[in-house]
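J.: One structure, as structure tokens, below. Some questions next.
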Amino acid sequence: MLDFFTIFSKGGLVLWCFQGVRGPAATAPVNALIRSVLLQERGGNNSFTHEALTLKYKLDNQFELVFVVGFQKILTLTYVDKLIDDVHKEFRDKYRNEFQQKGALGLLNGTFDFKDDFMRLLRDAEESSKVRAPTVMKTFEQSLKSQKTVKCMIETRGEKPKEKVKNKKNKGSKKDGTEAVAAPSKASAGDKQLSAAGDKEELTKDEILQKNREEFFRRHMKAGEKSRSPKPDAQKEKGKKPRVWDLGNSNAKVLDYSNSATNGSAEACPVEEFDPDMALGDRNREPGRLYDLEYESDDEVEEEKVVQNPSKPSVKKGGLGGMFGMLKGLVGSKSLTREDMDPVLEKMKDHLIAKNVAAEIAVQLCESVAKKLEGKVMGTFTTVTSTVKQALQEALVQILQPQRRVDVLRDVMDAQRHRRPYVVTFCGVNGVGKSTNLAKISFWLIENGFSVLIAACDTFRAGAVEQLRTHTRRLNALHPPESHGGRTMVQLYEKGYGKDAAGIAMEAISYARNQGFDVVLVDTAGRMQDNAPLMTALAKLIAVNAPDLVLFVGEALVGNEAVDQLVKFNKALADHSMAQTPRLIDGIVLTKFDTIDDKVGAAISMTYITSKPIVFVGTGQTYCDLRSLNAKAVVAALMKA
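Residue numbers (the numbering used here): 51 to 691.
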């Protein structure tokens, strides 16, 4: 049974509604559909789940209408698709003249009495989906066996049934081909056996045995020579020798940078002297500002190419041919069909995949654009290609601007008013740059006047604590306490290796609260999304410490793997969390963005699959190489030919 069926315009005006059962109104699920699907350009699938309901919808782009039906998701209603198509067709045909003549005023002032028509269509759909009665078994007279005579069923000795003979003929025909191929080889092998047999008859048994032994040893000696390397090298001495560089120092104590005194304490690391230009890069930048990504669009160049291409055949065909060449592909006041868009969408899909968008996401994007444009009436001088491209660009920009925007500085100031530290947890797979980008974010927070405590919760990877210790020394060298009224702006809280990461994070947060730190950045060990024990440990760390922001660090080099990583990370956090409402990923840090040129598809894949914003973008090796996402710049790079 249906819960509701509603018809409304894309402007939000409800034209007609049917309430099937007594229960909550259709307002909440329909609003969720509008927010999560229609406004976010995620119309690739025509179904949407909201709490206990399943919603199916259909768009009418010509009259800007939306048809939505809702029912309990535990039910399997096979007639819903037929019903929504029939209602769409009936409603359009009944009120077509009113929509065409009055336009928007027809929607405001019109009365839509559609209940009787809907109930008739609902009964027809339900009747068509009912299970058919089981077919009656045939009688003996209706079967083929009754038509056979007794004579044809009698088998005489020596004769074989026709079917078996046919099967054997088919088998024989298959064997003939293989026998024909194997015949020459068998013949040659037979000649050799005959010649060998003739020789053996002339020899005695002892001579034959001796000859076979010699042939056996000769064969094995040849195999041994082939297995040997042509240039036998001298055997290397066992054991690994340390490599000595030309300008190096053989003294091992010089290379030992570990400091056991600082391990396990939260004391500030000693200040290190180094060239600040190497760590900062651009010295003319504005301190504390997070710049947007920049990308120069080549739209003007592409437009010139599009204009020049039709003019080339005009030289051969004359002025009339050139005119028809220019007008080719234009759509004059007609509604777009799926057949018109399929060739363009196929090219767009291949283009997106070539730009590193996950294949599954590219298909869903093109499907969403097709549903958005199907039935829409085009202008006179408008090509299908330009229309589809424009719609795809708008969809991509909308996807890169998710519902919730993360403002870290505002949230940190809000935590300051409540006299508690703002906690950020970084997670992700191995080698994506969690620690490096954590240091960049630390530098950005320090330049905005916030003190930072880095919690070294990667107690597994060798060198992880030493890496953060080095970053802490360099950040203190760039922002010494003397420049901030004697206040140390960044400290490292670490307890060494092999400890419980959740316990270290809890102690670090408590230490930051007592010492008055503004932000706690929790570094975690890299882990693959399929590693259940490590994902359980990460879920425990997040559940126990309840950070304000959980950031997934992913690199821009991945394609389909981005979807798999994010889906499984969120699923693992939900499955291994003991809370009733598990904490999932809140935002994304996209790293190594400077290595991909215009193949920026990973940004689309990550935001599409999670509906979470990309908070930071890492673009280089210095502390200043941190950017905020510019949706239009990313889309311009993505659409570049």
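Think of the CB as a built atom: it goes at the ideal place given N, C-alpha and C, for glycine as much as any other residue.
All figures in this text were calculated on a predicted structure; none of them were measured in a lab.
Tell me which residues share the same chain as residue 226 and place their Cβ nearer than 8 Å to its Cβ, disregarding the 5 neighbours each side in the sequence.
T.: Taking the first residue of the sequence shown as position 1, residue 226 is located at position 176. Low local confidence applies: a pLDDT of 47 at residue 226 is under 50, so the model's placement there is unreliable, with the coordinate-based value given in what follows. Result list for residue 226: empty, nothing under 8 Å.
J.: Using the Cα positions of residue 551 and residue 506, report the straight-line distance between them to the nearest angstrom.
T.: For the purposes of this step, residue 551 is taken as the residue at position 501 of the sequence shown. For the purposes of this step, residue 506 is taken as the residue at position 456 of the sequence shown. Approximately 8 Å between the Cα atoms of the pair.
J.: With a threshold of 16 other CB atoms inside 10 Å of the CB of residue 501, please say whether the residue is buried or exposed.
T.: Counted from its first residue, the sequence shown places residue 501 at position 451. Per the 10 Å Cβ criterion, buried.
J.: Can you tell me whether DSSP reads residue 637 as helix, strand or coil?
T.: By one-based count along the sequence shown, residue 637 stands at place 587. Three-state DSSP puts residue 637 in a strand.
J.: Just list the beta strand (DSSP E) runs in the region 69-123, keeping only unbroken ones of 3 residues or longer that don't cross its boundaries, in chain order.
T.: 97-100, 103-110, 115-122
J.: Have a look at residue 604 and residue 95 and give me their C-alpha separation to the nearest angstrom.
T.: For this step, residue 604 is matched to residue 554 along the sequence shown. For this step, residue 95 is matched to residue 45 along the sequence shown. Residue 604 and residue 95: Cα-Cα distance of roughly 26 Å.
J.: Would residue 474 and residue 597 be called neighbours here (beta carbons separated by less than 8 Å)?
T.: On the sequence shown, residue 474 is found 424 positions in, with the first residue counted as 1. On the sequence shown, residue 597 is found 547 positions in, with the first residue counted as 1. Against a cut-off of 8 Å, the Cβ pair of residue 597 and residue 474 comes out as a contact.
J.: Count the CB pairs spanning the region 607-626 and the region 576-591 that are closer than 8 Å, and state whether there are at least three.
T.: With the rule of 3 Cβ pairs closer than 8 Å, the region 607-626 counts as touching the region 576-591.
J.: Per DSSP, residue 668 forms a beta bridge with which residues?
T.: Taking the sequence shown and counting its residues from 1, one reaches residue 668 at position 618. Looking at the DSSP assignment, residue 668 forms a beta bridge with 676.
J.: How would you write the range of the alpha helix (DSSP H) that residue 177 sits in, first residue to last?
T.: Residue numbering aside, residue 177 sits at position 127 when the sequence shown is read from its first letter. Segment 165-179, the alpha helix (DSSP H) holding residue 177.
J.: Below 8 Å, how does it come out for the region 113-127 and the region 53-71: are there three or more Cβ pairs, yes or no?
T.: Contact holds: three or more Cβ-Cβ distances are below 8 Å.
J.: What did DSSP end up calling residue 385 once you bin it into helix, strand or coil?
T.: By one-based count along the sequence shown, residue 385 stands at place 335. In the displayed model, residue 385 falls within a strand according to three-state DSSP.
J.: Tell me whether residue 432 sits in a helix, a strand or coil according to DSSP, three-state version.
T.: Against the sequence shown, residue 432 aligns to sequence position 382. Of the three classes helix, strand and coil, the one that applies to residue 432 here is strand, per DSSP.
J.: Evaluate residue 564 with the Cβ neighbour count: other Cβ atoms within 10 Å of its Cβ, from every protein chain shown; 16 or more gives buried, anything less gives exposed.
T.: Here the question's residue 564 lines up with position 514 in the sequence shown. So residue 564 ends up on the exposed side.
J.: Given that a residue counts as buried once 16 or more other Cβ atoms are within 10 Å of its Cβ, and exposed if not, what is residue 656?
T.: Sequence index remark: in the sequence shown, residue 656 carries index 606 (1-based). With 16 or more other Cβ atoms within 10 Å, it is buried.
J.: Please return the same chain residues whose Cβ sits closer than 6 Å to the Cβ of residue 315, not counting the five positions on each side in sequence.
T.: For the purposes of this step, residue 315 is taken as the residue at position 265 of the sequence shown. Caution is warranted here: a pLDDT of 49 is assigned to residue 315, below 50, making its placement in the model unreliable, and the coordinate value is therefore given only provisionally. Answer for residue 315: no residue qualifies.
J.: Cα separation between residue 494 and residue 671?
T.: For the purposes of this step, residue 494 is taken as residue 444 along the sequence shown, with counting starting at 1. For the purposes of this step, residue 671 is taken as residue 621 along the sequence shown, with counting starting at 1. Approximately 14 Å, taken between the alpha carbons.
J.: Jot down the residue ranges of each uninterrupted alpha helix (DSSP H) in the region 506-538, minimum 4 residues, whole runs only, in chain order.
T.: 514-528
J.: Let me know the secondary structure DSSP gives residue 648 once reduced to three states.
T.: Within the sequence shown, residue 648 is the residue found at index 598, counting from 1. If DSSP states are grouped into helix, strand and coil, residue 648 belongs with coil.
J.: Where does residue 53 fall in DSSP's three states?
T.: Locating residue 53 in the sequence shown gives position 3, counting from the first residue. Note: residue 53 maps to strand in three-state DSSP.
J.: Assuming residue 708 contacts residue 609 (C-beta within less than 8 Å), just tell me the rounded distance between them.
T.: Shown here, the chain extends from 51 to 691; a query on residue 708 therefore has no answer.
J.: Do residue 558 and residue 543 have their beta-carbon atoms positioned less than 8 Å apart in this structure?
T.: Indexing the sequence shown from 1 puts residue 543 at position 493. Indexing the sequence shown from 1 puts residue 558 at position 508. Taking 8 Å as the Cβ cut-off, residue 543 and residue 558 qualify as a contacting pair.
J.: Would you mind working out which of 112, 401, 441 sits nearest residue 412, comparing C-alpha positions?
T.: On the sequence shown, residue 412 is found 362 positions in, with the first residue counted as 1. Residue 412 has its Cα closest to that of 401, out of 112, 401, 441.
J.: The alpha helix (DSSP H) that contains residue 599, what's its start and end?
T.: One-based indexing of the sequence shown puts residue 599 at position 549. No alpha helix (DSSP H) holds residue 599; the beta strand (DSSP E) holding it covers 599-605.
J.: Residue 652 to residue 435, Cα distance in whole Å?
T.: In the sequence shown, the residue the question calls residue 652 occupies position 602. In the sequence shown, the residue the question calls residue 435 occupies position 385. Their backbone Cα atoms lie some 24 Å apart in a straight line.
J.: Within the same chain, show all residues whose beta-carbon is closer than 6 Å to that of residue 61, passing over the 5 residues directly before and after it, in chain order.
T.: Taking the sequence shown and counting its residues from 1, one reaches residue 61 at position 11. No residues qualify anywhere along the chain.
J.: Tell me which residue opens and which closes the alpha helix (DSSP H) that residue 493 is part of.
T.: On the sequence shown, position 443 is the one that residue 493 refers to. Counting along the chain, the alpha helix (DSSP H) containing residue 493 begins and ends at 484-497.
J.: Would you kindly check if the distance between the Cβ of residue 683 and the Cβ of residue 344 is under 8 Å?
T.: Reading the sequence shown from its first residue, position 294 is the one you call residue 344. Reading the sequence shown from its first residue, position 633 is the one you call residue 683. Taking 8 Å as the cut-off, the beta carbon of residue 344 is found closer than this to the beta carbon of residue 683.
J.: Note the first and the last residue of the continuous alpha helix (DSSP H) segment covering residue 584.
T.: Counting from 1 along the sequence shown, the entry for residue 584 is found at position 534. Segment 582-595, the alpha helix (DSSP H) holding residue 584.
J.: Over what stretch of residues does the alpha helix (DSSP H) that includes residue 149 continue unbroken?
T.: Position 99 of the sequence shown holds residue 149. It spans 130-152 - the alpha helix (DSSP H) in which residue 149 sits, taken as one unbroken run.
J.: Answer yes if the region 437-449 comes into contact with the region 417-429, meaning at least three C-beta pairs across the two stretches below 8 Å, and no otherwise.
T.: In this structure the region 417-429 lies against the region 437-449, because at least three pairs of beta carbons, one per stretch, are closer than 8 Å.
J.: Within 8 Å, do at least three Cβ pairs link the region 657-677 to the region 476-493?
T.: Three or more beta-carbon pairs separated by less than 8 Å link the region 476-493 to the region 657-677, which places the two stretches in contact.
J.: Rank 661, 574, 570, 681 by C-alpha distance to the C-alpha of residue 613 and give the top, closest one.
T.: For the purposes of this step, residue 613 is taken as residue 563 along the sequence shown, with counting starting at 1. Closest option to residue 613, Cα to Cα, is 661.
J.: Taking the alpha helix (DSSP H) that residue 619 falls in, what are its first and last residues?
T.: The sequence position of residue 619 within the sequence shown is 569, counting from 1. Element bounds for residue 619: 610-626.
J.: Looking at the structure shown, is residue 340 part of a helix, part of a strand, or coil, going by DSSP?
T.: Counting from one through the sequence shown, the residue named residue 340 turns up at place 290. DSSP places residue 340 in coil when its eight states are reduced to three.
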